[in-house]
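Everything on this sheet refers to the single structure shown next.
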Amino acid sequence: CCDRLRNLLQGLSFNAKYYSKHNPPQTLCPYSKIGLKKCHILDCSKSTCTHRTAPPGSILSSRLFSCKEGTQVPSKRKKNTSIVTSDLLHKNLLKSEQKNWNNISPTYKAMTKRIKEKLEELHNLYTLNSGSPRMMFGENVYFEENGCMFLAKADDGEENAEILFSVEDLGFSDAFIQRIRISPDQRYMAISLKSENSEEAICIIMKLGNLPVVEKVIPSVFSFEWAANDVLYYTTQKNLKCQNVFMTTFTNQKHTKLVYTEQDARFFVDLYCTKDRHFLTINSNSKTSSEVWLVDCRHPFEPPSLVQARTTGVIYHVEHRKEQLYILTTYGEPAEYKAILTDNYIHRINLDTYCMSYRNSKLMKAPVASSGKENWQLVYALENKTKLVDFEMFSDDCIMFLKNAGHLYLNVISFVSHSVQSIKLPTWACEFELESHPEHATSTCYFQLSSPVHPPKRFAYSFKENNLIEQAVQEVPIITNCHTTRLLAKSKDETLVPITVFHNKNSKELHRRPLLVHVYGAYGIDLNMSFKEEKLMLIEEGWILAYCHVRGGGEQGLSWHRDGCQHNKLRGLQDLRACISLLHQLGFSQPNHTALAAASAGGVLAGALCNTDPALIRAMVLQAPFVDVLNTMMKTHLPLTIEEQEEWGNPLEDEKCMKYIKSYCPYQNIKPQRYPSVFITAYENDERIPLTGILQYVQKLRKAALDHASRTSKKGNWIPNIILDVQASGSHCDSSWEHSLNE
1 CCDRLRNLLQ GLSFNAKYYS KHNPPQTLCP YSKIGLKKCH ILDCSKSTCT
51 HRTAPPGSIL SSRLFSCKEG TQVPSKRKKN TSIVTSDLLH KNLLKSEQKN
101 WNNISPTYKA MTKRIKEKLE ELHNLYTLNS GSPRMMFGEN VYFEENGCMF
151 LAKADDGEEN AEILFSVEDL GFSDAFIQRI RISPDQRYMA ISLKSENSEE
201 AICIIMKLGN LPVVEKVIPS VFSFEWAAND VLYYTTQKNL KCQNVFMTTF
251 TNQKHTKLVY TEQDARFFVD LYCTKDRHFL TINSNSKTSS EVWLVDCRHP
301 FEPPSLVQAR TTGVIYHVEH RKEQLYILTT YGEPAEYKAI LTDNYIHRIN
351 LDTYCMSYRN SKLMKAPVAS SGKENWQLVY ALENKTKLVD FEMFSDDCIM
401 FLKNAGHLYL NVISFVSHSV QSIKLPTWAC EFELESHPEH ATSTCYFQLS
451 SPVHPPKRFA YSFKENNLIE QAVQEVPIIT NCHTTRLLAK SKDETLVPIT
501 VFHNKNSKEL HRRPLLVHVY GAYGIDLNMS FKEEKLMLIE EGWILAYCHV
551 RGGGEQGLSW HRDGCQHNKL RGLQDLRACI SLLHQLGFSQ PNHTALAAAS
601 AGGVLAGALC NTDPALIRAM VLQAPFVDVL NTMMKTHLPL TIEEQEEWGN
651 PLEDEKCMKY IKSYCPYQNI KPQRYPSVFI TAYENDERIP LTGILQYVQK
701 LRKAALDHAS RTSKKGNWIP NIILDVQASG SHCDSSWEHS LNE
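Per UniProt numbering, the very first residue in the sequence shown carries number 1; after that it's consecutive.
This is the structure:
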C-alpha cells in the first residue's frame, strides 16, 4: 500500500507517526557521508515492498521521541553547569557499560559463531530466494539487486535486463534505497537513500535514458510524488517532524516553491497519488484527526483544494474513481452491525462464520466538486474488533485486508457487480505485503504472506477469475514442522486477549521447552510478526514462540488501542501477565524457562512486568527500550513530547497523570528483589530513545539486584546478568541484513 495509506491505517488506530518541520532546501553534493554496503528497496512506489529484515513500513514499531540527551543548540553563552554535569555523567555511564560489555561478550563467542552461521544458512535458503520486489509500468519492469537498478521488458527474462545505475556509482556508501517513484512518462526516477545511522533521507532525481544522469539532489526528504511528467512534490523532514510541502519542476525553467505549511505541531504531513493518478493528495494527520488537500495532476501548478477541514475524532484517507472520491474514514456513528452494503451491494459471505469489523471504520464516497463530509455517502461499513490492515483501489474493484481474531482475510468489493467477496487467507499467515501495482486497470492483485517462522510466499488475486492463486516463482522449502496455535487469555477485567503461539510439531514435553514471549502494546501498532530467520532457528532448536496482542496495540482496531493508552496503560500490563500465566497453565514451558522480548515502546510493559512479576520470567531481552516514561514526558524541549501526550498523557499539567505514569514506569519502580537476567541493546545515534535514560535504568536495576542478593545470603542465591550492549552504529531505523546479523 502507499505511504499515505500505511500512515492512515495506523492513524485509524491512533498510531500516526510524526515527522518533521520544514528543513529549507539547500545545496548538497551527492557525494555525501552515506557509504554503500548493500542496497535494499524498502519502498518501491508502495511502502509494503519492505526490506526483509524489517517489518512493513520503514521504521521499527517505535517510541516516537526524538532526542539525544546533552545535545545542545550552539550558543555564545556559557554552558549551564547542570548540562556539563549531565554530559559528564552520561559519558561516564557509557564508558562504564562499554567496559562491562567488553569483559562479558567473549563469554558468548562460541554461541555467537554458531548462531551466526545458522542464520546465514537460513537467510541464503529462504530470504534470498524470495527475490527483489518488481515494479511494472506497461511493458517495462524495474527492479533492484545488490545496489543496482535494472530495467527489463516484461516479455524478456531478467537475464536480459539492463543496468540503469548503481548507488555506488552515485558516490554513496552505507546506504540503502528506501523509496522509488517513477514519473508517468518514465523519463525521471526519484529515489530516497538512507543510512543506518540517520532517520533523514536524501532524495536523488535521475534523468533516465541511454546514460542516466543525476538531475537534482534534495536533502532531508520524507515523502515525494510525481504530480506530472516533470513536476515533483516533496515534504521535508527535520527532528522527526514533517510540516512543509514543496513543488519542484524539471522543465526548461526549473524552479522550486513552497506549496503548503502545517502550522499545528501535532500534525505531520505526507504525500500520496491516487491510484488513477488524477490527484496528488497532501495529507496532514494527528493521532485524532486528518485533513486532505487535492492537487489536480492535470493542473499541477494550481493551488490545492480542501476535501474536508480537520475535525477532532475524524480520520480519513482519499482515493479517486470516476469523478468520485472514495473515503476511508472513522466518520459517523459506530458500526454496531455485521456489515452494511449500500448501492444494492450483495454480501456473499456467511455472516455466522465470519464477522467483519473495525469499529467506526467505513468506506464512503462523495463527488469531487462537493467533498465535504455532509455529502459523504456510505458504501461499506465494518463492525467492531477487526483490524483494517490495508486498502487498495483499482479501476473496477477495491481490496481490503482485514485481521480478525488473529486470522487474515481479503475482501474484494466490486463496483461493477455491486458485490463483496471474502476470502480467508491461510491460517499460518500473520503478515502481508501488497506489491506495487502502478497500473490502475490491472486484472490481478499481487501480495505476499508471511509469519515469524514462514518466509514470504507470493499470492495473486485475479479479478477476472474471482479467485486466489498461490504463486510458485521459485522453489523455496516449505515449513511443515511448525504448529500455529491461537489462544485467548482472560485479563483482570475479563477482556479476552489474543495470543499467537508457534512451536515445533515434533517437540515433546512442551512444559520443559524454553519459551520466548513477545509484547509491544502501544500507539495502536500491531506486534511485528514478519518473517525473521532467528525465529525459525529457535523453532528448529525446540523453542516455543508466543506473541501477546495486548491492549494499546492495534490488533483489534481503534478501541483496542484506546483501552491501552494514557490512563488505561496498566491494562496492557494486566493483559501481558494474564497471557504468560495462561501459557504456563496450558503447559507451554514454565517460569524458569521463559524469556520476554520487547523493542522500543514495548519496553514499557516488559519493564513494568519485570518490576511487578519478576517470578514469571527468567530473562528479558530489550531492543532500544523506552524505560523512563515519566522523566521523558516531563521534558517539553524534546521535539515530540507534545505529540506523545496523546499516548501517555501530560504529567506536567495533570497531577493524576503524573502519579499514574509513576505507578507503572519501569525506571521509577525498580526495587531490591530477585530480577530476571536482562540483555539490552541500545544505539548511540538513536534519535527516538534517550540513551541516558537507558544507561541510568541499567545502573539502577543492577544495583537493586545486587542489594537484594546481599540482603538474602541464601545458599545458591542467584544473581542475574544485567548486560547493556551500546551499538556505535545503527539507530531506531531499519538496518541492513549485515548489521542486523551482527547485532
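Every residue, glycine too, gets a C-beta built ideally from N, C-alpha and C. Given the structure is predicted, the values throughout are model-derived calculations rather than measurements.
Does Asn100 come out as helix, strand or coil in the three-state DSSP assignment?
Within the sequence shown, the letter at position 100 stands for residue 100. Asn100 falls in the helix class under three-state DSSP.
Is it true that the segment 641-657 meets the segment 681-690, where meeting means three or more beta-carbon pairs spaced less than 8 Å apart?
no
Just to confirm my understanding: we take residue 745, look at its own chain, exclude 5 residues before and 5 after, and list those with CB closer than 6 Å. What are they?
Nothing about residue 745 can be read from this structure; the chain reaches only from 1 to 743.
Under the criterion of a Cβ to heavy atom distance below 7 Å, does Asp156 qualify as lining the ligand PLP?
You won't find the ligand PLP in this model; it holds no ligand whatsoever.
Mind pulling the beta strand (DSSP E) runs of 3 or more residues that sit fully within the segment 505-560?
515-519, 544-548
How is the beta strand (DSSP E) around Tyr260 delimited, first residue to last?
Position 260 of the sequence shown holds residue 260. Element bounds for Tyr260: 256-261.
At the level of alpha carbons, what is the spacing between His123 and Ser736?
As a working mapping, residue 123 is identified with position 123 in the sequence shown. As a working mapping, residue 736 is identified with position 736 in the sequence shown. C-alpha of His123 to C-alpha of Ser736: approximately 13 Å in a straight line.
Using the C-alpha atoms, what's the distance from Glu534 back to Ile723?
Against the sequence shown, residue 723 aligns to sequence position 723. Against the sequence shown, residue 534 aligns to sequence position 534. So the alpha carbons of these two residues sit roughly 20 Å apart.
Can you tell which of His483, Val604, Pro455 has its C-alpha closest to the C-alpha of Phe531?
By one-based count along the sequence shown, residue 531 stands at place 531. Closest by alpha carbon: Pro455.
Drop a sphere of 10 angstroms on the beta-carbon of Met364, count the other beta-carbons inside from all chains shown, and report buried for 16 or more, exposed for fewer.
Within the sequence shown, the letter at position 364 stands for residue 364. So Met364 counts as buried.
Closer than 8 Å by C-beta to Tyr326: which residues in its own chain qualify, once you throw out the five before and the five after it? Chain order, please.
As a first step, residue 326 is located in the sequence shown; it is residue number 326 there, counting from the start. Here the set comprises Val318, Glu319, His320, Leu363, Met364, Lys365, Val379, Met393, Cys398.
Would you kindly work out how many angstroms separate the C-alpha atoms of Lys703 and Lys287, rounded to a whole number?
The count along the sequence shown starts at 1 and reaches residue 703 at position 703. The count along the sequence shown starts at 1 and reaches residue 287 at position 287. Their backbone Cα atoms lie some 39 Å apart in a straight line.
Beta strand (DSSP E) containing Trp226: first to last residue?
Position 226 of the sequence shown, counted from the first residue, corresponds to residue 226. Run containing Trp226: 213-228, per the beta strand (DSSP E) assignment.
For Ser367, name the three-state secondary structure that DSSP assigns.
Your numbering for residue 367 matches position 367 in the sequence shown. Sequence check: residue 367 is Pro here, not Ser. Reduced to three states, the DSSP call for Pro367 is strand.
Output the distance between the C-alpha atoms of Gly564 and Asp575, rounded to the nearest integer angstrom.
Here residue 564 refers to the residue found at position 564 of the sequence shown. Here residue 575 refers to the residue found at position 575 of the sequence shown. Linking Gly564 to Asp575 through their CA atoms gives a straight-line distance of about 10 Å.
Does the beta-carbon of Met400 have 16 or more other beta-carbons within 10 angstroms, so that it is buried, or is it exposed?
Residue numbering aside, residue 400 sits at position 400 when the sequence shown is read from its first letter. That one is buried.
At the level of alpha carbons, what is the spacing between Ser58 and His518?
Working through the sequence shown from its first residue, we reach residue 58 at position 58. Working through the sequence shown from its first residue, we reach residue 518 at position 518. Note on Ser58: pLDDT 28, under 50, position unreliable in the model; the coordinate value appears next. Cα to Cα, Ser58 sits roughly 20 Å from His518.
Relative to the C-alpha of Leu410, which residue among Lys116, Asn467, Glu168, Met149 is closest?
Within the sequence shown, residue 410 is the residue found at index 410, counting from 1. Residue Asn467 is the option with its Cα nearest to Leu410.
Kindly give me the distance between the Cβ atoms of Gly607 and Pro672, rounded to whole angstroms, as I take these residues to be in contact under 8 Å.
Residue numbering aside, residue 607 sits at position 607 when the sequence shown is read from its first letter. Residue numbering aside, residue 672 sits at position 672 when the sequence shown is read from its first letter. Their Cβ separation, rounded to whole angstroms, is 16 Å, which puts Gly607 and Pro672 out of contact at 8 Å.
How would you call Tyr108, buried or exposed, if buried means at least 16 neighbouring beta carbons within 10 angstroms?
Taking the first residue of the sequence shown as position 1, residue 108 is located at position 108. Exposed: under 16 other Cβ atoms inside 10 Å.
Do Val627 and Gly603 have their CB atoms nearer than 8 Å?
Here residue 627 corresponds to residue number 627 of the sequence shown, with the count starting at 1. Here residue 603 corresponds to residue number 603 of the sequence shown, with the count starting at 1. Result yes, Cβ atoms of Val627 and Gly603 sit closer than 8 Å.
With DSSP as the reference, identify every bridge partner of Asp296, one or two as the case may be.
By one-based count along the sequence shown, residue 296 stands at place 296. DSSP, once it has assigned bridges, lists Phe279 as partnering Asp296.
Nearest-angstrom Cα distance between Thr235 and Phe391?
As a working mapping, residue 235 is identified with position 235 in the sequence shown. As a working mapping, residue 391 is identified with position 391 in the sequence shown. Distance between the alpha carbons of Thr235 and Phe391: 23 Å.
Identify the continuous alpha helix (DSSP H) that holds Thr632 and give its terminal residues.
For this step, residue 632 is matched to residue 632 along the sequence shown. Thr632 -> alpha helix (DSSP H) spans 629-633.
Going by alpha carbons, who is nearest to Arg266 out of Lys118, Thr692, Glu291, Thr329?
Taking the first residue of the sequence shown as position 1, residue 266 is located at position 266. Checking every option, the nearest Cα to that of Arg266 belongs to Glu291.
Can you look up Ile642 in the DSSP assignment and give me helix, strand or coil?
Here the question's residue 642 lines up with position 642 in the sequence shown. Helix at Ile642.
Starting from the C-beta of Gln308, find all residues in its chain whose C-beta is less than 6 Å away, skip the five residues before and the five after it, and write them out in chain order.
For the purposes of this step, residue 308 is taken as the residue at position 308 of the sequence shown. Contacts found: Gly372, Lys373.
According to DSSP, is Ala704 helix, strand or coil?
In the sequence shown, residue 704 corresponds to position 704, counting from 1. Ala704 falls in the helix class under three-state DSSP.
Just to confirm my understanding: we take Phe279, look at its own chain, exclude 5 residues before and 5 after, and list those with CB closer than 7 Å. What are they?
As a working mapping, residue 279 is identified with position 279 in the sequence shown. Same-chain partners within the cutoff: Leu294, Val295, Asp296, Cys297, His320.
Measuring only between beta-carbons, confirm whether Trp543 sits less than 8 Å from chain B.
In the displayed structure, chain B is absent; only one protein chain is listed.
What are the boundary residues of the beta strand (DSSP E) that includes Tyr380?
Start at 1 with the first residue of the sequence shown, and residue 380 comes out as number 380. Here the beta strand (DSSP E) through Tyr380 covers 377-382.
Which stretch, first to last residue, makes up the beta strand (DSSP E) that contains Val678?
Start at 1 with the first residue of the sequence shown, and residue 678 comes out as number 678. Start and end: 677-683.
Please determine, among Leu570, Phe679, Thr612, the residue with the shortest C-alpha to C-alpha distance to Ala619.
Sequence index remark: in the sequence shown, residue 619 carries index 619 (1-based). For Ala619, the nearest C-alpha among the options comes from Phe679.
Look at the Cβ atom of Met537, then the Cβ atom of Pro452, and state whether they are nearer than 8 Å.
Residue mapping note: residue 537 aligns to position 537 of the sequence shown, counting from 1. Residue mapping note: residue 452 aligns to position 452 of the sequence shown, counting from 1. Cβ distance not < 8 Å, so Met537 and Pro452 don't count as in contact.
If the criterion is Cβ atoms closer than 8 Å, does the pair Lys387 and Gly554 meet it?
Your numbering for residue 387 matches position 387 in the sequence shown. Your numbering for residue 554 matches position 554 in the sequence shown. Inclusion of Lys387 and Gly554 in the CB contact set at 8 Å is warranted, their separation being smaller than that value.
Give the single residue among Ala522, Ser96, Lys508, Leu558 whose Cα lies nearest to the Cα of Cys548.
By 1-based counting over the sequence shown, the position of residue 548 is 548. The shortest Cα separation from Cys548 among Ala522, Ser96, Lys508, Leu558 belongs to Ala522.
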